[in-house]
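Data block below; observations after.
Number of protein chains: 4
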Amino acid sequence: MFTATVTPSFGEVDGLGHINNTVLARWFEMARNPIFRIFEPNLNLSHDVWPLIMARTDYNFVGEIFYEFDVELRTYVEKIGTKSFTVYHEAWQEGRLCTYGRAVVVHYDFKACGTTPIPEDKKMKLAEHMVPEGLARD
Amino acid sequence: MFTATVTPSFGEVDGLGHINNTVLARWFEMARNPIFRIFEPNLNLSHDVWPLIMARTDYNFVGEIFYEFDVELRTYVEKIGTKSFTVYHEAWQEGRLCTYGRAVVVHYDFKACGTTPIPEDKKMKLAEHMVPEGLARD
Amino acid sequence: MFTATVTPSFGEVDGLGHINNTVLARWFEMARNPIFRIFEPNLNLSHDVWPLIMARTDYNFVGEIFYEFDVELRTYVEKIGTKSFTVYHEAWQEGRLCTYGRAVVVHYDFKACGTTPIPEDKKMKLAEHMVPEGLARD
Amino acid sequence: MFTATVTPSFGEVDGLGHINNTVLARWFEMARNPIFRIFEPNLNLSHDVWPLIMARTDYNFVGEIFYEFDVELRTYVEKIGTKSFTVYHEAWQEGRLCTYGRAVVVHYDFKACGTTPIPEDKKMKLAEHMVPEGLARD
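Protein chains in written order, with the working numbering: chain A, 1 to 138; chain B, 139 to 276; chain C, 277 to 414; chain D, 415 to 552.
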């Protein structure tokens with residue numbers, strides 16, 4: 001598990017008084033940094049070295065997030081395929097699970113414009129962060 | 139179908155040179171305005187009148203979106219339940235489908251803090267915008 | 277003058293019920309697209325061809341912007357220097373000026389990592405969009 | 415001085431490879447939380463209790479911010495007027511000052527729709543965080 005903490009900002013609150021759903025996309029993306037670093041430790045986004053592309057994200061809003069308190073982001077690997085893997089995300093505030101979701105990330109060669117197999121050593125590093133059985137919600 | 143057009147901005151391009159995945163959350167949300175207006179024509183977000191809350195969103199990134207061209211957002215209703223409905227979204231650029239996804243919206247009473255049935259007249263208005271059979275991708 | 281229209285989204289409303297101040301940064305940036313196109317018509321952001329970098333922006337919030345109505349962005353050139361120029365922005369809603377501000381843009385060579393003079397033909401194109409005397413607010 | 419640390423996210427990098435200028439608006443807004451708490455400790459945004467409104471912000475981009483490293487936000491009070499005050503912000507990365515700017519915040523009664531004097535006890539709390547002479551850049 002990777003964890004990160006974010007402090008909500010005034011403008012992330014929406015007109016209903018809680019953190020807007022679109023903010024979670026940015027927060028979960030930030031929480032993927034340590035997973036990205038497995039593939040490119042310096043987070044260099046040059047097409048010559050960056051090997052990942054997003055295929056899909058989803059977000060399930062099960063509790064409101066408020067402006068007042070910090071939010072803890074918990075990040076796991078849920079599935080490791082040949083050419084893609086799935087990240088499982090949770091956002092917690094004050095002991096409540098507020099949002100959970102997934103991101104499907106594809107291993108990609110930007111110069112060749114095509115998917116490529118995830119190297120075995122990267123798979124092993126990803127595997128160190130697998131979500132415990134029974135933890136991830138559908 | 140509802141349609142809306144957005145012009146990408148400089149900062150919505152990410153380090154890989156295409157529109158960042160998190161931007162679609164905001165664009166699809168804007169594209170839901172006409173659906174929101176079925177429930178609250180003046181988009182008044184007061185807890186006394188606003189009757190909707192987001193339960194889930196997902197995004198499938200099937201083609202890159204570039205800075206240079208406008209993006210067309212196409213919005214449909216896919217499913218109408220008793221207390222919630224599903225919106226189906228597509229983002230097109232230069233004749234290519236680039237992102238598609240769904241939003242599950244719950245009919246909600248913010249004062250009573252609970253779900254409530256969607257009124258029949260609203261269901262009928264939603265039903266005028268059903269996605270044609272076979273169009274929506276899984 | 278260049279004009280563009282934006283439709284506010286649900287999440288751009290903040291907890292006080294009006295469009296959050298940070299949103300204007302994105303909207304004004306989008307409104308600069310036609311000015312950027314004077315320098316790079318295809319909006320190609322490669323360091324080999326893109327010649328602009330932001331030095332400064334400011335925003336004056338003189339009226340609230342609401343979710344309900346579209347916003348008109350009006351964009352002018354206010355000053356043309358040797359190596360930089362100033363853009364003047366206004367955001368209008370329902371006939372009210374709501375936000376105005378400026379962006380100082382520097383002509384820059386990303387390969388040489390230094391400022392360069394604005395070519396005369398670009399200066400002439402910029403000059404076609406000068407703000408009328410007396411219009412821009414301090 | 416108040417300090418806060420933010421971790422850049424993938425999508426905050428723009429097409430030129432550094433953190434986009436619009437992101438600073440959000441970061442500086444988050445950095446104002448402890449100043450907001452002087453006025454409303456629970457960050458309750460109800461019009462009944464929230465007493466602040468933004469009048470102006472500016473941002474000076476003096477160094478690029480990169481994806482790879484955390485960013486330190488330093489926040490001070492620069493000026494305390496009768497009905498408004500000025501916040502001075504800096505963003506630092508790896509020992510370099512990258513962005514600085516100001517926010518003019520007005521003390522406001524949302525029910526009466528008008529400015530009101532800043533209470534003396536709040537002025538004194540603000541005064542504990544004045545920017546040291548000579549530190550703030552023009």
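We treat Cβ as the ideally placed atom computed from N, Cα and C, and that holds for glycine.
Sheet register partners of LYS217(B) (DSSP bridge): THR224(B)
TYR246(B) versus ILE218(B): straight-line alpha-carbon distance, rounded: 15 Å
Where PHE110(A) falls: helix, strand or coil (DSSP): coil
ALA169(B) burial status per 10 Å Cβ neighbour count (16 or more: buried): buried
Nearest-angstrom Cα separation, counted from VAL87(A) out to ASP208(B): 31 Å
Buried/exposed call for ASN20(A), threshold 16 Cβ in 10 Å: Buried: at least 16 other Cβ atoms inside 10 Å.
Cutoff 7 Å; reference LYS123(A); Cβ partners in own chain excluding five residues on either side: Cβ within range, chain order: ILE80.
Contacts of ASN434(D) in chain B (Cβ-Cβ under 8 Å): PHE148, GLY149
Classification of ASP152(B) by the beta-carbon crowding that lies within 10 angstroms, buried from 16 upward: Looking at its Cβ environment, which holds 16 or more other Cβ atoms inside 10 Å, ASP152(B) is buried.
Cβ contact check for the region 86 to 100 of chain A and the region 56 to 67 of chain A: 3 or more pairs under 8 Å: yes
GLU266(B) beta carbon near the ligand SAM (any heavy atom closer than 8 Å): The ligand content of the structure shown is nil, which means the ligand SAM is not present either.
Interface partners of GLY153(B) on chain D, CB under 8 Å: PHE424, VAL427, ASP428, GLY429, GLY431, TYR481
Within-9 Å CB hit, VAL161(B) to chain D: yes
Own chain residues within Cβ distance below 7 Å of SER360(C), not counting five before or after: ALA331, VAL380, VAL381, VAL382, HIS383
is_contact[ILE53(A), chain B] using C-beta, thresh 9 Å: Residue contact with chain B for ILE53(A): present (Cβ-Cβ distance below 9 Å to some residue of chain B).
Paired residues, beta bridge with VAL325(C) - DSSP: None; VAL325(C) has no bridge partner.
Contact set between GLU443(D) and chain A, taken where Cβ atoms lie within less than 9 Å: SER9, PHE10, GLY11, GLU12
TRP464(D) and LEU300(C) closer than 9 Å at C-beta: no
Straight-line gap, HIS323(C) to PHE386(C) (C-alpha atoms, nearest Å): 5 Å
CB of LEU457(D) within 9 Å of CB of GLU72(A), strictly: no
Beta-carbon contacts of VAL144(B) that lie in its chain and below 8 Å, excluding the five residues immediately before and after: TRP165, MET168, ASP208, VAL209, LEU211
Proximity test, Cβ basis, 9 Å: ARG516(D) and chain A: Cβ-Cβ to chain A under 9 Å: no for ARG516(D).
C-beta contact flag for ASP334(C) and GLY390(C) at 9 Å: no
Neighbour flag for THR529(D) against chain C, beta carbons, 9 Å: The C-beta of THR529(D) comes no closer than 9 Å to any C-beta of chain C.
Length of the line joining the Cα atoms of PHE39(A) and PRO117(A): 13 Å
N- and C-terminal bounds of the alpha helix (DSSP H) containing THR298(C): 297 to 307
Limits of the unbroken alpha helix (DSSP H) element including ALA403(C): Looking at the DSSP string, the run of the alpha helix (DSSP H) that includes ALA403(C) is 396 to 403.
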